[in-house]
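Below is one structure, written out as structure tokens; the observations come after it.
Numbering (my numbering), first residue to last: 17 to 184.
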């Protein structure tokens, strides 16, 4: 009795293996054997997709999501530039703001991102010498074109714009 059960199980296993691992024609000829379920499973095994004729969108190819606008390497580059800009700001704020603006403009333009909303770079004046001898200060006093706080706010505006565009 035990030997008979073992032989029946081996035969069933062999038939199942032939069905799933044999030629596709075997599965097509047995389409109605088990209500068609095994044929659907066989088609899925053959091509990796569910039968498109089943229930509308079930098994249909999903919409391909848009690739990210920036790669991880691009984001790492931006992070490195911002660290450099922050360390430069301590010794020379105007150079840091100019560097931040030119880097953001070049980077985003190279990636096809419009830069209309990018805050302006500082004007080109390093410092002006006051020539009015009758002013409160004497002749030759240096007046800053933009103070450090204005440059800091401009740098923060550029950083905010850059972060917002990079996150899109």
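From the three backbone atoms N, C-alpha and C, an ideal C-beta is built for every residue, glycine too.
Between residue 97 and the rest of its own chain, which residues show a CB-CB distance below 6 angstroms, the 5 nearest in sequence each way excluded?
119
From this set, 166, 164, 135 and 167, which residue's C-alpha is nearest residue 176's C-alpha?
135
Does the region 113–132 come close enough to the region 161–181 that 3 or more CB-CB pairs lie under 8 angstroms?
yes
Which one of 184, 124, 108 and 127 has the shortest CA to CA distance from residue 171?
108
Is residue 122 close to chain D, meaning its C-beta is less than 8 angstroms from at least one C-beta of that chain?
No chain D appears in the structure shown, which is made up of a single protein chain.
Would you report the Cα separation of residue 138 and residue 110, rounded to the nearest angstrom?
Each residue's alpha carbon lies about 7 angstroms from the other.
Ends of the alpha helix (DSSP H) at residue 121?
109–126
CB of residue 184 within 8 angstroms of CB of residue 85, strictly
yes
If you measure between the beta carbons of residue 104 and residue 112, is that distance less than 8 angstroms?
yes
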